[in-house]
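Step one of this worksheet: look at the structure below.
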Ligand SMILES: [Mg+2]
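Residue numbers (the working numbering): 28 to 302.
In C-alpha cells form, the structure reads like this:
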C-alpha cells in the first residue's frame with residue numbers, strides 16, 4: 028500500500044534559530060541537527076529525534092517536501108533520509124521529479140494562472156506603490172510566479188496586511204504573513220493541486236500532510252489526514268478541519284511530533300494493507 032506524505036518545510040519540519048522556541052530549561056533542550064547552510068552560516072534545524080523519524084519515514088512512505096520556497100532555496104536544504112523522488116516547490120508552481128522540474132506540470136500551472144487571476148506585474152506594482160521603505164527591507168519575485176516582501180515586523184502598520192489581503196482577494200490572489208515575510212500568491216497556485224497530481228501518479232491510497240501557514244490550508248484539505256503545529260498562522264487564526272489534528276507543541280518540538288504522527292499513521296496503514 029502506497030502512503031504519500033506531503034509536508035511543508037519551514038516552521039513545520041525545519042526551523043530557523045528565531046523559530047525554534049526552545050522554552051525548556053537549557054539543560055533539557057533537544058540536540059539539534061543543522062539541515063540548511065546559507066552563505067556559509069547555519070540557517071535551519073530539526074531535532075536529532077526528528078531526523079531519525081524522517082529517515083524511518085523515507086523507508087515507509089513516499090515523502091514529498093511541499094514548500095513555497097523557490098527551487099534554488101529548496102536545493103540548499105539537506106534533509107536526512109533517502110533523497111526525495113518528488114518535491115513541490117514555489118507553492119506548487121514546480122513539481123520536481125528526481126530533482127528536475129516537470130515541464131508539463133509547470134505549463135499547466137502557468138495556463139491556469141493566465142486564465143484565472145490578475146498578472147504578477149499588477150500585484151508587484153501595487154506592492155511597490157502601497158508599501159513603505161520605512162518597514163520594507165526587500166521586494167522579491169519568486170520564480171516569476173509570485174511576490175514577497177521582507178519586512179520589519181515591529182514597524183509594519185497593523186492594518187496593512189489586512190488591506191492588502193482584501194485588494195488581493197478581488198484579483199484572485201491570496202496573502203500570507205510568515206515571520207518577516209509577506210507573501211502575495213495567486214489563488215490557483217497551490218500545494219494541494221500538486222499533491223493531488225502526485226497521489227494520482229503514485230497511486231497512493233492514503234495521503235498525509237502537515238503545515239503551519241495559510242498557504243498550507245489547501246494542502247491539509249487535499250490530504251486524507253493532516254496535522255498543524257501549535258504555532259503559526261493557522262494556529263493563530265484558530266483554523267481547523269475535521270481530519271486535521273491541531274497539535275499543542277510549538278517550535279522545533281512540533282516538527283518532531285508531526286514526524287511521529289506521520290510515521291505512526293503510515294505504519295498503521297502498512298499493517299492494514301498487509302492484513
Ligand atoms: Mg511553513
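Ideal Cβ positions, reconstructed from N, Cα and C, are used throughout, including at glycine. Since we're looking at a predicted model, the values are computed, not measured.
Per-residue DSSP class, three states only, for residue i
i           : result
residue 251 : coil
residue 131 : helix
residue 284 : helix
residue 63  : strand
residue 93  : strand
residue 218 : helix
residue 271 : strand
residue 157 : helix
residue 263 : helix
Near ligand 1: residue i beta-carbon under 7 Å from a heavy atom
i           : result
residue 239 : yes
residue 39  : yes
residue 35  : yes
residue 112 : no
residue 100 : no
residue 205 : yes
Cα-Cα separation, residue i to residue j
i           : j           : result
residue 35  : residue 92  : 6 Å
residue 115 : residue 55  : 35 Å
residue 228 : residue 119 : 15 Å
residue 179 : residue 70  : 19 Å
residue 183 : residue 191 : 13 Å
residue 169 : residue 97  : 6 Å
residue 212 : residue 143 : 13 Å
residue 81  : residue 286 : 6 Å
residue 174 : residue 276 : 30 Å
residue 268 : residue 249 : 11 Å
residue 273 : residue 42  : 19 Å
residue 100 : residue 297 : 33 Å
residue 49  : residue 278 : 7 Å
Given residue i as reference, the closest of the options once Cα atoms are compared
i           : options            : result
residue 207 : 41, 45, 28         : 45
residue 83  : 180, 145, 109, 278 : 109
residue 31  : 58, 67, 66, 87     : 87
residue 77  : 68, 223, 253, 61   : 61
residue 234 : 241, 39, 158, 220  : 220
residue 95  : 299, 38, 287, 289  : 38
residue 148 : 171, 126, 136, 137 : 171
residue 59  : 251, 90, 73, 129   : 73
residue 106 : 85, 177, 29        : 85
Burial state of residue i, where buried means 16 or more other Cβ atoms lie within 10 Å
i           : result
residue 150 : buried
residue 195 : buried
residue 20  : Outside the shown range of the chain (28 to 302) lies residue 20, about which nothing can therefore be said.
residue 155 : exposed
residue 258 : buried
residue 295 : exposed
residue 253 : buried
residue 256 : buried
is_contact[residue i, chain D] using C-beta, thresh 8 Å
i           : result
residue 226 : Here there is only one protein chain, and chain D is not present.
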